[in-house]
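Chains A and B supply the protein sequences, listed in that same order.
Following this note's numbering, the residues of the first sequence are numbered contiguously, the last one being 251.
Following this note's numbering, the residues of the second sequence are numbered contiguously, the last one being 190.
C-beta: ideal position from N, C-alpha, C; glycine also.
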Amino acid sequence: MKNGIIFDHVSFGYSKNKLQIDAASFAIEKGSFVGVTGVNGSGKTTLALMLNGIIPHELHGQFSGTITVDGIDTKTKPVSYFAQKIGMVFQNPDFMLFNLSVTEEIAFGLKNIKLHNAEDKIKNALQMVGMEDFANRDPQTLSLGEKQKICLAAVLALDTEYIVLDEPVAMLDYQGAVNLYRILDELNKKHGKTIIVIEHDTDFLSAHAKHTIIINRGKILFNDTTKKVFAHKTELRKIGIKIPQPIR
Amino acid sequence: MKKSITAVKLVTLLVFNWIVFSIRNPLILSILFIILLLLLYFAKAQIKKRLLAIIPIGIAIIIFQLIFYIWAPFTERFLFGFIAAAKIIIISLSVLTFLSYTSLFALIKLFDFLPEDIMLILMITAYLIPTILSEAEKIQIVQKSRNIKTNSFSSLAAIIIPLLHRVFQRAETISLTILARGYKSETN
């Protein structure tokens with residue numbers, strides 16, 4: 004499979020003695036909606052940071068194995084190259100907004116990648132997340148839910164094929180979380196984007212992700228369709244993962 | 003248009019402060035002080051907070067003048083201390099007035115002729131300063147709720163240590179976000 008993301012025996016540890024990711028091998032198909040879950044400290048965020056080459060290029064440690072994105076090894080190109088392919092929304096939207104207006108925030112990535120028609124792209128991205136009236140607002144004055152949408156819009160404007168979100172609903176209320184997942188569903192189904200969500204909330208994962216990866220102590224425990232993965236109830240309970248309940 | 007208005011405001015601030023430096027009349031300084039207070043009142047700025055921080059400094063200046071220049075007559079020492087204190091207070095209030103009527107965004111836009119790397123540093127600094135102050139306030143509330151006295155010098159660590167942790171966390175996320183959005187430093 005040339006298209007998509009492939010992890011081939013990938014291991015990584017910030018120090019020699021402890022591996023955050025231990026011999027992970029899996030593939031993410033283009034156009035899929037993938038969920039990654041595991042308990043705290045299992046290596047979920049480390050895995051996300053590997054997708055666009057932040058590990059090993061910017062965060063250094065003991066790295067082995069190969070990660071390819073559409074056939075290109077993440078070790079061979081800088082992070083700025085993968086920024087055009089993979090959009091990343093980190094855990095805390097409060098920490099991700101540093102520009103002085105929403106428009107500037109979204110334009111930041113566009114300027115770096117030197118994309119044309121920046122104004123149209125900003126407008127479209129804001130429309131996709133339903134925030135078109137917030138273009139001139141100071142990001143710091145927004146609610147957490149609104150900030151999260153702006154972070155997503157900043158990624159959407161770059162029109163990347165892959166969108167990675169690290170615990171996107173951790174700081175949102177229930178309705179905010181439902182709305183965010185509705186947007187992600189739309190991006191996946193209508194626009195063909197590959198969505199990779201690192202998530203604690205297994206209820207949302209089971210309702211939206213078609214494919215789920217369970218990670219435990221850096222090892223890939225399950226990697227299958229969401230239905231099949233969550234059928235392993237006993238094993239999941241044992242490692243502390245909540246068995247999902249249907250969302251109404 | 004907006005940029006030129008900000009430039010005019012900035013030049014006005016600089017000229018105003020230069021004039022304040024050269025004034026030696028306590029009556030004129032008092033009038034300027036009242037005008038600034040009125041301007042700040044209309045801008046709904048946090049006057050009380052600023053005055054609480056700056057007035058003790060002004061009082062300290064007057065006291066030092068009274069203590070250390072004993073060879074001069076009392077009224078002269080007092081007047082000299084008053085003028086020095088008034089100048090410092092007025093300059094501080096004039097900067098607050100300027101920032102109350104000018105957004106940080108407009109101010110930074112004024113320097114867009116600078117290299118991109120420096121603009122980015124300016125922008126992040128402008129974002130981080132108020133953020134750090136509000137984080138410090140939040141930490142203070144949390145520590146107070148844990149019955150830790152935060153107003154004494156010895157218990158300052160209870161605020162500074164978690165504050166440093168939060169600031170480093172923020173800085174790390176910002177740097178990762180910048181990289182993930184394709185930023186390439188000009189110096190690389």
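Between residue i and residue j, which are expected to be in contact by the criterion C-beta below 8 angstroms, what is the C-beta distance as a whole number of angstroms?
i, j, result
"B:I56", "B:I91", "5 angstroms"
"A:I8", "A:L54", "6 angstroms"
"A:Q151", "A:P96", "4 angstroms"
"A:L175", "A:L147", "6 angstroms"
"B:N19", "B:I93", "5 angstroms"
"A:V87", "A:L190", "A quick correction: the sequence has Gln, not Val, at residue 87 of chain A. That pair is no contact at about 17 angstroms."
"A:G64", "A:Y17", "4 angstroms"
"B:L42", "B:T99", "6 angstroms"
"A:I89", "A:V167", "6 angstroms"
Applying a beta-carbon distance threshold of less than 7 angstroms, which residues of chain A neighbour residue i?
i, result
"B:T179", "F93, M99"
"B:M125", "F101, N102, L103"
"B:I176", "F98, F101"
"B:I134", "In chain order: nothing, as chain A lies at least about 12 angstroms away."
Using C-beta distances below 6 angstroms, list every residue in its chain close to residue i, excluding the 5 sequence neighbours before and after it, in chain order.
i, result
"A:G195", "G34"
"A:C154", "V92, P96, M99"
Return the chain-ordered list of same chain residues with a C-beta closer than 7 angstroms to the C-beta of residue i, the five sequence neighbours on each side being excluded.
i, result
"B:F82", "Q67"
"B:S108", "Sequence inspection shows Ala at residue 108 of chain B; the Ser mentioned does not correspond to that position. Closer than 7 angstroms at Cβ, skipping near neighbours: K4, T8."
"B:F23", "K89"
"A:F85", "N55, G56, V72, T77"
"A:K245", "T205"
"A:V232", "T215, I217, F225"
"A:K230", "none"
Just the chain A side, please: which residues come within less than 8 angstroms of residue i by C-beta, in chain order?
i, result
"B:K186", "P81, S83, N115"
"B:F107", "L103, S104, E107, D141"
"B:I110", "L103"
Taking 8 angstroms as the limit between beta carbons, can you name the residues of its chain near residue i, skipping five residues before and five after?
i, result
"A:D169", "K47, T48, A51, M91, V92, F93, Q94, I201"
"B:V10", "none"
"A:F111", "N102, A157"
"A:R140", "S104, V105"
"A:K19", "Q65"
"A:F137", "V105, L129, L145, E149, I153"
"B:F35", "A88, I91, I92, L95"
"B:F80", "I64, Q67, L68"
Evaluate residue i with the Cβ neighbour count: other Cβ atoms within 10 Å of its Cβ, from every protein chain shown; 16 or more gives buried, anything less gives exposed.
i, result
"B:R172", "buried"
"A:Q23", "buried"
"A:K124", "buried"
"A:L208", "buried"
"B:F170", "exposed"
"A:A180", "buried"
"B:A159", "exposed"
Sorry if obvious, but does the Cβ on residue i come closer than 8 angstroms to a heavy atom of the ligand HEM?
i, result
"A:I58", "Of ligands this structure carries none, so the ligand HEM is not represented either."
Below 8 angstroms on C-beta distance, what does residue i contact in chain B?
i, result
"A:E170", "Near A:E170 there are no residues of chain B at all, since even the closest Cβ is about 13 angstroms away, more than 8 angstroms."
"A:I57", "L178, L181, A182"
Which residues in chain B sit within 9 angstroms of residue i, going by Cβ to Cβ distance?
i, result
"A:A121", "Ordered by position in chain B, no residue passes the 9 angstroms Cβ test against A:A121, which lies about 13 angstroms from the chain."
Report task. Would you mind listing the beta strand (DSSP E) stretches within the region 17-47 of chain A that are 3+ residues and don't spill past its ends, in chain order? Result -> Runs of the beta strand (DSSP E) inside the region 17-47 of chain A: 24-31, 36-40.
Query - Ordered list of beta strand (DSSP E) runs contained in the region 191-228 of chain A, each at least 3 residues - result: For the region 191-228 of chain A, whole beta strand (DSSP E) runs of length 3 or above, ordered along the chain, are 197-201, 214-219, 222-228.
Report task. Could you tell me which uninterrupted beta strand (DSSP E) segments, each at least 3 residues in length, are contained entirely in the region 136-182 of chain A, listed from first to last along the chain? Result -> List check, beta strand (DSSP E) in window: 165-169.
Query raised in the report: Which whole runs of the alpha helix (DSSP H) in the region 62-144 of chain A are 4 residues long or more, in chain order?
Result: Runs of the alpha helix (DSSP H) inside the region 62-144 of chain A: 82-85, 96-99, 105-116, 121-131.
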